[in-house]
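First comes the structure, then the notes that go with it.
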Amino acid sequence: MIKLEHVSKTYSAGIPALNDINLEITEGEFVFIVGDSGSGKSTLIKLLLKELEPSEGVITVDGKKLHTIRRRHIPKFRRNLGVVFQDFRLLKDRNVYDNVAFAQRVIGAPVRESRRKVPAILSTVGLAAKYKSYPKQLSGGEQQRVAIARALINQPKILLADEPTGNLDANNAWEIMKLLEEINARGTTVVVVTHNMEIVKAMNKRVITVQKGIIVSDEKGDDDEI
Amino acid sequence: MRFSSIGYTIKQGFCNIWRNKMFSLASIATMSACIFLFGLFFAIVTNFQAMVKEAESGVAVTVFFNEGITQDEIDWIGEEIGKRVEVSEYNFISAEEAWEEFKTEYFGNDEQAAAGFQDDNPLANSASYEIYMNDISMQSTLVDYLTGLEGVREVRQSEIVANTLSDFNSLIGYISVGIILILLLVAVFLISNTVTTGIAVRKDEIGIMKLIGATDRFVRAPFIIEGVMIGLMGSILPLILLYILYNKVIVYIGEKFSFLNTLINFLPVEEVFDSLVPVALILGVGIGFLGSRITIRKHLKV
Chain A
4 MIKLEHVSKT YSAGIPALND INLEITEGEF VFIVGDSGSG KSTLIKLLLK ELEPSEGVIT
64 VDGKKLHTIR RRHIPKFRRN LGVVFQDFRL LKDRNVYDNV AFAQRVIGAP VRESRRKVPA
124 ILSTVGLAAK YKSYPKQLSG GEQQRVAIAR ALINQPKILL ADEPTGNLDA NNAWEIMKLL
184 EEINARGTTV VVVTHNMEIV KAMNKRVITV QKGIIVSDEK GDDDEI
Chain B
260 MRFSSIGYTI KQGFCNIWRN KMFSLASIAT MSACIFLFGL FFAIVTNFQA MVKEAESGVA
320 VTVFFNEGIT QDEIDWIGEE IGKRVEVSEY NFISAEEAWE EFKTEYFGND EQAAAGFQDD
380 NPLANSASYE IYMNDISMQS TLVDYLTGLE GVREVRQSEI VANTLSDFNS LIGYISVGII
440 LILLLVAVFL ISNTVTTGIA VRKDEIGIMK LIGATDRFVR APFIIEGVMI GLMGSILPLI
500 LLYILYNKVI VYIGEKFSFL NTLINFLPVE EVFDSLVPVA LILGVGIGFL GSRITIRKHL
560 KV
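Protein sequence lines correspond, in order, to chains A and B.
Okay, so the first sequence: first residue is 4 according to the numbering used here, each after it adds one.
Okay, so the second sequence: first residue is 260 according to the numbering used here, each after it adds one.
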C-alpha cells in the first residue's frame, strides 16, 4: 500500500530531514511512526501527501509512483488519503455537519449523497447528536472526531494521522486511538505519527522509530498478522 | 463541474465579498468612480464625435474643369470620383446653377443689378463637382488624386478646417486611450488588493481544501467570482447614476446656456447608452476578472 525506496529529503539549509529511508506498509496495517521532534516524522507525512518532493528515492502509494503523478492530478491522488492533524483544522464558521460535508463538496459529490453519508459517518465517530454544534462548542476530543469523520467521508484507503492526540488529555487520546483502531478493523490502512509512547505501547501495533531522519527500529506488534 | 458545485462556487464568491465587507465596498466604490469618469468621458467624446461628424459633412472639395471641356468628359470625371472610397456624395453644379446661386447670394432681390449679366454668364467656366467625404482625414489623398485627373483645372479645399477637425479627433482618441489605461491599472490594483485579503482570510480553509483533494479550479473559482462581481457592481452603479445625470445636464445646459443650442446638439441618452452600457460592463467585468486572476496566480499556489 505504501512503499518508500531509498528516500531522502534535504531542505535548502542542507541538513537531511530523511536519509535513505526504506519502508513498506501493507494494506490494512495499523502503523505507528514515532520519534523526537525534528526526527523527520512530519516530513514523511508531507512526502506521502505529495506536499513535498523527495530529494532522492521512489515513493509508491496505492500502486502509484508519486513522482509520475502530474501536478494537475495531485487532487485526485489525495482523495485516496484521509488526513488528521494535531490542531484539528476545522472550519470555525461552519457546524459539524458542514465541516464533514465540506470534504464531499470539495470532490464534487452530489448533495444527495452527502445527506446520506454525513449522518452515517457522524454516528461512526459518536457525534450524530452534535451535528449542529460549532467547533468552539466542542471538546478537543470531539473536534478530533469531527476531523476524523471528515477524513473518512470520502472512503480513503489510507488514513494518515499526524499527532492526532497531541492536544488531548489521556482519556480523549485513548478514545481517539480506539476509534482509529475500529476504522482500521474495517479495512482502512492507518498510519499514526506520534510521540505518545504510553499509547503506542498500550496499542501493541507495528512501531517504526525514526531518529535524525533514519529508521532505527521497526517492531511488529503482537496482533500483527504480517 | 456539477450544477450544485457551480451554485456553491457562486455562493462562496458572494461570501468572500461579505466577509471582506470593507475592502469589497472600497473596491466597488473606487471601481464605480473609475467607471463613472470613464462613462462621463465616453459621453462627452461620443457627443463631440457626433458634432465633428456633422461638421465634417459640411466640408467639401470642389473640382473645376479645363476650358472647352465636353459634357461627356465631365461625366467621365464624375464617374471616376464616384468610384473613390473616400467619397460619400458628389453633386454636379453647372455654370448656370453656380451663377444663379451667386446672384441670389450677392444681389439678393436686386434684379436690375444682375440684369447687366443677362446674356453673359461671368461664371461660364465655373461648372464644378462638389464632393463630400466619409472621413475628413482622407482629404489630402483625394485632392492629390483629383489634381491628377485629366480635364481638371483646379481643386479647391479647406485644408485648415480639415486638418483641425482631423487633429482634434485624433487628440480625443489618444486622451480616451490614456484615461482607459490609467483606469484599468488602478482598478486592477484595487481588485487585486481585495482578493489578496480574501485569500489571507481564507488561508486555513484553502489549506484544508488542498489536503482533501480540491482541484485548483474549485479553490480558485470563488475568488474569480468575487472579482467579477465587484467589477459588475462597480460598473452598474455608475451607469445608473450617469443615466440620471445625463438627461438632467442636457436640460440644464439647454435652459441656462440657451445660446449654445445653435452650436451644440446633444445626442439623446439612448444613443450614448447603446454603446456605453456594453463597453462599461465589459470593462468592469474584464477588470474584475483580470485583477482576481493575476492575484490568485501570484498568491494561490494550489
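Heads up, the beta-carbon is just placed ideally off N, CA and C, and yes, glycines get one too.
None of these values were measured; they are calculated from a predicted model.
Any C-beta of chain A under 8 angstroms from that of residue i
{"i": "residue 347 of chain B", "result": "no"}
{"i": "residue 468 of chain B", "result": "yes"}
{"i": "residue 283 of chain B", "result": "no"}
{"i": "residue 454 of chain B", "result": "no"}
{"i": "residue 532 of chain B", "result": "no"}
{"i": "residue 477 of chain B", "result": "yes"}
{"i": "residue 426 of chain B", "result": "no"}
{"i": "residue 485 of chain B", "result": "no"}
{"i": "residue 267 of chain B", "result": "yes"}
{"i": "residue 394 of chain B", "result": "no"}
Per-residue DSSP class, three states only, for residue i
{"i": "residue 150 of chain A", "result": "helix"}
{"i": "residue 264 of chain B", "result": "helix"}
{"i": "residue 116 of chain A", "result": "helix"}
{"i": "residue 16 of chain A", "result": "coil"}
{"i": "residue 322 of chain B", "result": "strand"}
{"i": "residue 228 of chain A", "result": "Note that residue 228 of chain A scores 49 on pLDDT, short of 50, meaning its location in the model is unreliable; the coordinates nonetheless yield the value given after this. Residue 228 of chain A falls in the coil class under three-state DSSP."}
{"i": "residue 386 of chain B", "result": "coil"}
{"i": "residue 363 of chain B", "result": "helix"}
{"i": "residue 347 of chain B", "result": "strand"}
{"i": "residue 133 of chain A", "result": "helix"}
{"i": "residue 7 of chain A", "result": "strand"}
{"i": "residue 160 of chain A", "result": "coil"}
{"i": "residue 90 of chain A", "result": "coil"}
{"i": "residue 22 of chain A", "result": "strand"}
{"i": "residue 456 of chain B", "result": "helix"}
{"i": "residue 436 of chain B", "result": "helix"}
{"i": "residue 561 of chain B", "result": "Caution is warranted here: a pLDDT of 48 is assigned to residue 561 of chain B, below 50, making its placement in the model unreliable, and no coordinate value can be reported."}
{"i": "residue 280 of chain B", "result": "helix"}
Boundaries (first-last residue) of the alpha helix (DSSP H) holding residue i
{"i": "residue 47 of chain A", "result": "44 to 51"}
{"i": "residue 330 of chain B", "result": "330 to 342"}
{"i": "residue 491 of chain B", "result": "475 to 515"}
{"i": "residue 62 of chain A", "result": "Careful: residue 62 of chain A lies outside any alpha helix (DSSP H), inside the beta strand (DSSP E) at 59 to 64."}
{"i": "residue 80 of chain A", "result": "77 to 81"}
{"i": "residue 35 of chain A", "result": "It is not in any alpha helix (DSSP H) - residue 35 of chain A instead sits in the beta strand (DSSP E) that spans 33 to 37."}
{"i": "residue 29 of chain A", "result": "Run containing residue 29 of chain A: none; DSSP gives neither H nor E here."}
{"i": "residue 184 of chain A", "result": "173 to 188"}
{"i": "residue 201 of chain A", "result": "200 to 206"}
Alpha-carbon to alpha-carbon, residue j and residue i
{"i": "residue 325 of chain B", "j": "residue 347 of chain B", "result": "24 angstroms"}
{"i": "residue 209 of chain B", "j": "residue 452 of chain B", "result": "This structure cannot settle anything about residue 209 of chain B, because the visible part of chain B is limited to 260 through 561."}
{"i": "residue 18 of chain A", "j": "residue 12 of chain A", "result": "9 angstroms"}
{"i": "residue 82 of chain A", "j": "residue 532 of chain B", "result": "51 angstroms"}
{"i": "residue 396 of chain B", "j": "residue 459 of chain B", "result": "54 angstroms"}
{"i": "residue 48 of chain A", "j": "residue 476 of chain B", "result": "25 angstroms"}
{"i": "residue 31 of chain A", "j": "residue 464 of chain B", "result": "30 angstroms"}
{"i": "residue 68 of chain A", "j": "residue 59 of chain A", "result": "13 angstroms"}
{"i": "residue 544 of chain B", "j": "residue 117 of chain A", "result": "34 angstroms"}
{"i": "residue 492 of chain B", "j": "residue 134 of chain A", "result": "37 angstroms"}
{"i": "residue 40 of chain A", "j": "residue 211 of chain A", "result": "15 angstroms"}
{"i": "residue 288 of chain B", "j": "residue 153 of chain A", "result": "40 angstroms"}
{"i": "residue 157 of chain A", "j": "residue 108 of chain A", "result": "10 angstroms"}
{"i": "residue 258 of chain B", "j": "residue 354 of chain B", "result": "This structure cannot speak to residue 258 of chain B, because chain B is shown only from 260 to 561."}
{"i": "residue 216 of chain A", "j": "residue 203 of chain A", "result": "20 angstroms"}
{"i": "residue 526 of chain B", "j": "residue 309 of chain B", "result": "8 angstroms"}
{"i": "residue 23 of chain A", "j": "residue 37 of chain A", "result": "17 angstroms"}
{"i": "residue 213 of chain A", "j": "residue 147 of chain A", "result": "25 angstroms"}
{"i": "residue 183 of chain A", "j": "residue 72 of chain A", "result": "29 angstroms"}
Interface flag, residue i vs chain B, CB-CB below 8 angstroms
{"i": "residue 228 of chain A", "result": "Here the model assigns residue 228 of chain A a pLDDT of 49, short of 50, so the residue's position is not dependable, and the following value carries that caveat. Chain B, which has no Cβ nearer than 8 angstroms to the Cβ of residue 228 of chain A, makes this no."}
{"i": "residue 106 of chain A", "result": "yes"}
Closer than 9 angstroms at the beta carbon, the chain E residues around residue i
{"i": "residue 79 of chain A", "result": "Looking for chain E here will not work: the only protein chains present are A and B."}
Beta-carbon contacts of residue i that lie in its chain and below 7 angstroms, excluding the five residues immediately before and after
{"i": "residue 28 of chain A", "result": "4, 5, 34, 192 and 194"}
{"i": "residue 303 of chain B", "result": "none"}
{"i": "residue 443 of chain B", "result": "546"}
Contacting residues, own chain, Cβ-Cβ under 6 angstroms from residue i (five flanking each side not counted)
{"i": "residue 95 of chain A", "result": "138"}
{"i": "residue 141 of chain A", "result": "none"}
{"i": "residue 228 of chain A", "result": "Residue confidence for residue 228 of chain A is low, a pLDDT of 49 falling below 50, so the modelled location carries little weight and cannot support an answer."}
Unbroken beta strand (DSSP E) run spanning residue i, endpoints
{"i": "residue 2 of chain A", "result": "In this structure chain A extends from 4 to 229, so residue 2 of chain A is not present and cannot be described."}
{"i": "residue 211 of chain A", "result": "209 to 214"}
{"i": "residue 552 of chain B", "result": "No beta strand (DSSP E) contains residue 552 of chain B, which is instead part of the alpha helix (DSSP H) from 528 to 558."}
{"i": "residue 220 of chain A", "result": "217 to 222"}
{"i": "residue 411 of chain B", "result": "411 to 415"}
Close-in-space but distant-in-sequence residues of the same chain around residue i (CB under 8 angstroms, 5 per side omitted)
{"i": "residue 276 of chain B", "result": "283, 485, 488 and 489"}
{"i": "residue 518 of chain B", "result": "none"}
Any non-hydrogen atom of the ligand ATP within 7 angstroms of residue i CB
{"i": "residue 42 of chain A", "result": "Annotation note on the ligand ATP: not contained in the displayed structure, which lists no ligands."}
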